[in-house]
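Notes follow the structure.
Protein chains: 2
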Amino acid sequence: MLDDRKLAVLRAIVEDYVSTNEPVGSKALADRHNLGVSPATIRNDMAALEEQGYITQPHTSAGRVPTDKGYRLFVDRLSQIKPLSSAERRAIETFLAGAVDLDEIVMRTVRLLAQLTRQVAVVQYPSLTRSSVRHVEIVPLAERRVMLVLITNTGRIEQRVVDLPEAVGDDRIANLRAVLNSCLDGCGLSQVPDTVADIPERLPPEDRPAAATILSVLLETLVERHEEKIAFAGTANLAVADFSAGLRGVLEALEEQVVLIRLLGETGGLSDITVRIGSENPYSGLRGTSIVAAGYGSGDQELARLGVLGPTRMDYPVTMGAVRAVARYVGQILAGS
Amino acid sequence: MLDDRKLAVLRAIVEDYVSTNEPVGSKALADRHNLGVSPATIRNDMAALEEQGYITQPHTSAGRVPTDKGYRLFVDRLSQIKPLSSAERRAIETFLAGAVDLDEIVMRTVRLLAQLTRQVAVVQYPSLTRSSVRHVEIVPLAERRVMLVLITNTGRIEQRVVDLPEAVGDDRIANLRAVLNSCLDGCGLSQVPDTVADIPERLPPEDRPAAATILSVLLETLVERHEEKIAFAGTANLAVADFSAGLRGVLEALEEQVVLIRLLGETGGLSDITVRIGSENPYSGLRGTSIVAAGYGSGDQELARLGVLGPTRMDYPVTMGAVRAVARYVGQILAGS
DNA sequence: CTTGGCACTCGGGAACACAGAGTGCCAGAG
DNA sequence: CTCTGGCACTCTGTGTTCCCGAGTGCCAAG
Chain A
1 MLDDRKLAVL RAIVEDYVST NEPVGSKALA DRHNLGVSPA TIRNDMAALE
51 EQGYITQPHT SAGRVPTDKG YRLFVDRLSQ IKPLSSAERR AIETFLAGAV
101 DLDEIVMRTV RLLAQLTRQV AVVQYPSLTR SSVRHVEIVP LAERRVMLVL
151 ITNTGRIEQR VVDLPEAVGD DRIANLRAVL NSCLDGCGLS QVPDTVADIP
201 ERLPPEDRPA AATILSVLLE TLVERHEEKI AFAGTANLAV ADFSAGLRGV
251 LEALEEQVVL IRLLGETGGL SDITVRIGSE NPYSGLRGTS IVAAGYGSGD
301 QELARLGVLG PTRMDYPVTM GAVRAVARYV GQILAGS
Chain B
1001 MLDDRKLAVL RAIVEDYVST NEPVGSKALA DRHNLGVSPA TIRNDMAALE
1051 EQGYITQPHT SAGRVPTDKG YRLFVDRLSQ IKPLSSAERR AIETFLAGAV
1101 DLDEIVMRTV RLLAQLTRQV AVVQYPSLTR SSVRHVEIVP LAERRVMLVL
1151 ITNTGRIEQR VVDLPEAVGD DRIANLRAVL NSCLDGCGLS QVPDTVADIP
1201 ERLPPEDRPA AATILSVLLE TLVERHEEKI AFAGTANLAV ADFSAGLRGV
1251 LEALEEQVVL IRLLGETGGL SDITVRIGSE NPYSGLRGTS IVAAGYGSGD
1301 QELARLGVLG PTRMDYPVTM GAVRAVARYV GQILAGS
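For the record, the sequence lines run as chains A and B. If you count by my numbering, then the first sequence holds residues 1 to 337, one letter each, in order. If you count by my numbering, then the second sequence holds residues 1001 to 1337, one letter each, in order.
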């Protein structure tokens, strides 16, 4: 059905179109790639490819352009991820190594990725649900008000102000804090609800109302923040050149965190790469936009995802290489801190 | 030099141009505004206004368009801030009231502002230098490693991982924490360096090396994070309609935090509004873009600034009204939490 | 100082022609 | 059966020309 030469033609079309952004014709193909056959032959192959929906012509008598289906085939079977140059690797390493806290790691990562790919980069903060408790702090603010601070092993911090039902002295707060920490230290956030259940019993009866209030806020935090936090950068890359069409939709998607998180998607293995091409992705504003995403994490645990958005006519091998590399390095950095 | 009628003509030109986005001619002006004079008279006035640089014509025989100087005059003398409708006020209040922590306050604020003005909104996080210490926490991570967490009265949290010169037991850490907090509680961040100087003396000699390390990281945090954090939203509003020209520059500015912070600028009084029009602002990418900004804070202390970026041909009275209102409400919310 | 009149300018849209790139198809060669 | 060269055909994009209309500047009269 699709012999090797037809596949080679498709690959050539994708590559040429990506680099020139102009519909590519049979003659140009024959010239630029040495396929060893004449333009006429290529024309026949192109007709076949078009027949099967891999390419299309914007109008009669223009060159061909890959369809989403064509890109899909290209990504799946005709290309391989292009590793970064060693200079780039070093640059990533030193750039990320300078980060002092989680915010900065994420910030730097997202910028790095935007710069490497010259597209819009998106990084999801390490998932709360897959982290564990490193420390819980209760800071007295006023007589009947405390601030609850939760620090996770990924460096993420959540804070809440809690109004207590009654005044609670500092020493009782300290006790509460100690009990909380001894129970929760190292506990996976998803286990917190269970673990927390029997804490009131360990406390003197007079502290239980306050503890209950604090614990309910703690649980609330975990649930509400199930919605994940994300950062993005590189929107200026959208304005460049030929992509004014999709621009609107992409900007809108970026502002809709929910959509964006859905777009990053979830897949199986850590650091295998998801590519969603144009109409494949579940948001109508992104016609003409592709998403290349990967999970990152420390060890073999996926903490969250990151990726880039760009026009369907992007350089997939390079983009995938950059995404993969950045995902790996971020994982390392997180593991090390 | 500029009599009342000429000013009225200028005002009319700005208003018409803002609402239609088309150069406005003498006839249209005479029709839509009852200036009580004929088009010919208006033409003379327009000639005078052009002479003095308040308006300009894109090409011979087109209507007039305000220059930056024209907008400036309009903002300074010909318009007054338009207060929000009470429905809008209520909406703001309820929307902001739902926020649980600083991140969320900022996030909601910036979205709100973007939505109200239909432009790009920018909010600076409460300045570290003008906040004070609410609590300092030292969390043991490993034998020779702790996490330092600084919580300010504005709800902002800074964290750092510190490697200690030697192992320090939990009880000594606790003591250190107690001393630190008793010294620093309520202390303005700008006074921290002075206050911190004599802390080592209060500690047993064997703890001093560790304390010195921690303190130096603390000071470092204050200095480095002098660079402020910002959030923005509403970039999708850029893509709409007629502003594709400035788009590139604005997106670039948004990615350059430093530039952006400079743009928000600093002025005197809390909640008086700064307007920078087109070429007035110190970044060349923003030709054709204006910035409306204001400070916000609790009490009479300016904590930070917020504002919007939009085309010079924006509706200044409305935009200024929205910025002022949002700034006030944010101040209130921060004071209350 | 204001007004109506008038000649002038120029941008933008419509109509048109044209070159060039690209295609599909066909008939002949390997 | 596959490849190739040739050829007629079909478009788009571009450049040209033309004209309309909006808007101006100037002037002379009220």
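Note that beta-carbon positions come from the ideal geometry of N, C-alpha and C, so glycine has one too. As the structure is a computational prediction, the values presented were derived from the model and not from experiment.
CB-CB length for A253(A) against L260(A), believed under 8 Å: Start at 1 with the first residue of the first sequence, and residue 253(A) comes out as number 253. Start at 1 with the first residue of the first sequence, and residue 260(A) comes out as number 260. The pair is a contact, with the Cβ atoms about 6 Å apart (cut-off 8 Å).
Counterpart residues of L306(A) in DSSP-defined beta bridges: Position 306 of the first sequence, counting from 1, holds the residue named residue 306(A). L306(A) is bridged to V123(A) and A294(A).
Test: G310(A) CB closer than 9 Å to a CB of chain B: The residue given as residue 310(A) occupies position 310 in the first sequence. Not an interface residue.
E228(A) at chain B interface by Cβ criterion, 9 Å: The residue labelled residue 228(A) in the question sits at position 228 within the first sequence. Not an interface residue.
Cα-Cα separation, D1045(B) to A1008(B): For the purposes of this step, residue 1045(B) is taken as the residue at position 45 of the second sequence. For the purposes of this step, residue 1008(B) is taken as the residue at position 8 of the second sequence. Computed Cα separation, rounded: 10 Å.
Bridge partner(s) assigned by DSSP for R64(A): Residue 64(A) sits at position 64 when you count from the first residue of the first sequence. Per DSSP, V24(A).
Beta carbon proximity, E1143(B) to chain A, threshold 9 Å: To locate residue 1143(B), count along the second sequence from 1; it is residue 143. No, because no Cβ of chain A sits closer than 9 Å to the Cβ of E1143(B).
Among T1154(B), L1215(B) and F1095(B), the one whose alpha carbon lies nearest that of Y1296(B): Along the second sequence, read from residue 1 onward, the residue named residue 1296(B) stands at position 296. Looking at the Cα atoms, T1154(B) is the closest of the given residues.
Straight-line gap, A121(A) to A304(A) (C-alpha atoms, nearest Å): Here the question's residue 121(A) lines up with position 121 in the first sequence. Here the question's residue 304(A) lines up with position 304 in the first sequence. If I take the Cα positions, the gap works out to 14 Å.
is_contact[E266(A), chain B] using C-beta, thresh 9 Å: Here the question's residue 266(A) lines up with position 266 in the first sequence. E266(A) does not count as touching chain B.
Opposing strand residues paired with A289(A) [DSSP bridges]: Your numbering for residue 289(A) matches position 289 in the first sequence. In the sequence as presented, Ala is not what sits at residue 289(A); that position holds Thr. DSSP output for T289(A) lists P311(A) as bridge partner(s).
Alpha-carbon spacing of E1166(B) relative to L238(A), whole angstroms: For this step, residue 1166(B) is matched to residue 166 along the second sequence. For this step, residue 238(A) is matched to residue 238 along the first sequence. Their backbone Cα atoms lie some 50 Å apart in a straight line.
Within chain A, partners of Q1159(B) - CB distance below 8 Å: Residue 1159(B) sits at position 159 when you count from the first residue of the second sequence. Here the neighbours are D101, L102, I151, G155 and I157.
Buried or exposed (CB count within 10 angstroms, at least 16 for buried), Q1124(B): Counting from one through the second sequence, the residue named residue 1124(B) turns up at place 124. Classification for Q1124(B): buried.
A239(A): contacting residues in chain B (beta-carbon distance under 7 Å): As a position in the first sequence, residue 239(A) is number 239, starting the count at 1. Going along chain B in sequence order, the residues near A239(A) (Cβ under 7 Å) are L1247, R1248 and L1251.
Classification of S127(A) by the beta-carbon crowding that lies within 10 angstroms, buried from 16 upward: Numbered from its first residue, the first sequence carries residue 127(A) at position 127. By the 10 Å Cβ count, S127(A) comes out buried.
Rounded Cβ spacing between L1164(B) and A1210(B) (contact assumed at less than 8 Å): The residue you call residue 1164(B) lines up with position 164 of the second sequence. The residue you call residue 1210(B) lines up with position 210 of the second sequence. Yes, L1164(B) and A1210(B) are in contact; Cβ-Cβ is about 5 Å, under 8 Å.
Extent of the continuous alpha helix (DSSP H) to which P317(A) belongs: Within the first sequence, residue 317(A) is the residue found at index 317, counting from 1. Element bounds for P317(A): Y316 to G336.
Under 8 Å by beta carbon: chain A residues contacting S1244(B): Here residue 1244(B) is taken as the residue at index 244 of the second sequence, counted from 1. Going along chain A in sequence order, the residues near S1244(B) (Cβ under 8 Å) are S244.
Pairwise C-alpha distance: R248(A) and G1285(B): Here residue 1285(B) refers to the residue found at position 285 of the second sequence. Here residue 248(A) refers to the residue found at position 248 of the first sequence. Rounded to the nearest angstrom, the two C-alpha atoms are 20 Å apart.
Positions along the segment 1184 to 1218 of chain B whose CB lies within less than 7 Å of some CB in chain A: none
Beta-bridge partners of S1132(B), as assigned by DSSP: As a first step, residue 1132(B) is located in the second sequence; it is residue number 132 there, counting from the start. DSSP lists G1188(B) as partners of S1132(B).
Three CB pairs or more closer than 8 Å across the segment 132 to 146 of chain A and the segment 180 to 187 of chain A: yes
Whole-Å CB distance - G63(A) paired with P23(A), under 8 Å assumed: Within the first sequence, residue 63(A) is the residue found at index 63, counting from 1. Within the first sequence, residue 23(A) is the residue found at index 23, counting from 1. That belief holds up - the Cβ atoms of G63(A) and P23(A) are roughly 3 Å apart, short of 8 Å.
Residues near T1117(B) in its chain [Cβ-Cβ closer than 6 Å; skip 5 each side]: For the purposes of this step, residue 1117(B) is taken as the residue at position 117 of the second sequence. Correct list, in chain order: V1308, T1319 and A1322.
Spatial distance of N175(A) from R1287(B) (CA atoms): Within the first sequence, the letter at position 175 stands for residue 175(A). Within the second sequence, the letter at position 287 stands for residue 1287(B). Going by the C-alpha atoms only, they are around 60 Å apart.
V1258(B) burial status per 10 Å Cβ neighbour count (16 or more: buried): Reading the second sequence from its first residue, position 258 is the one you call residue 1258(B). Counting Cβ neighbours within 10 Å, V1258(B) comes out exposed, since fewer than 16 surround it.
Alpha-carbon spacing of G310(A) relative to D207(A), whole angstroms: Position 310 of the first sequence, counted from the start, is the residue given in the question as residue 310(A). Position 207 of the first sequence, counted from the start, is the residue given in the question as residue 207(A). If I take the Cα positions, the gap works out to 55 Å.
Any C-beta of chain B under 9 Å from that of A12(A): Your numbering for residue 12(A) matches position 12 in the first sequence. No - not a single Cβ of chain B is within 9 Å of the one on A12(A).
Rounded straight-line distance, which links the Cα of D1300(B) to that of R1077(B): Taking the second sequence and counting its residues from 1, one reaches residue 1077(B) at position 77. Taking the second sequence and counting its residues from 1, one reaches residue 1300(B) at position 300. Roughly 27 Å separates the two Cα atoms.
Contact check, F1095(B) vs R1011(B), beta carbons under 9 Å: Numbered from its first residue, the second sequence carries residue 1095(B) at position 95. Numbered from its first residue, the second sequence carries residue 1011(B) at position 11. Not a contact, by the Cβ cut-off of 9 Å.
Minimum C-alpha distance to P193(A) - residue among T221(A), Q115(A), L113(A) and R172(A): Here the question's residue 193(A) lines up with position 193 in the first sequence. When each option's Cα is compared against that of P193(A), the closest is T221(A).
Below-9 Å beta-carbon distance, R134(A) vs any chain B residue: Start at 1 with the first residue of the first sequence, and residue 134(A) comes out as number 134. Taking Cβ atoms only, chain B reaches closer than 9 Å to R134(A), which makes this a yes.
Own chain residues within Cβ distance below 6 Å of V1014(B), not counting five before or after: Here residue 1014(B) refers to the residue found at position 14 of the second sequence. Answer for V1014(B): P1066 and F1074, listed in chain order.
Simplified DSSP assignment, three categories, for A197(A): For the purposes of this step, residue 197(A) is taken as residue 197 along the first sequence, with counting starting at 1. DSSP places A197(A) in coil when its eight states are reduced to three.
Rounded C-alpha distance that separates R111(A) from M1147(B): Here residue 111(A) corresponds to residue number 111 of the first sequence, with the count starting at 1. Here residue 1147(B) corresponds to residue number 147 of the second sequence, with the count starting at 1. If I take the Cα positions, the gap works out to 26 Å.
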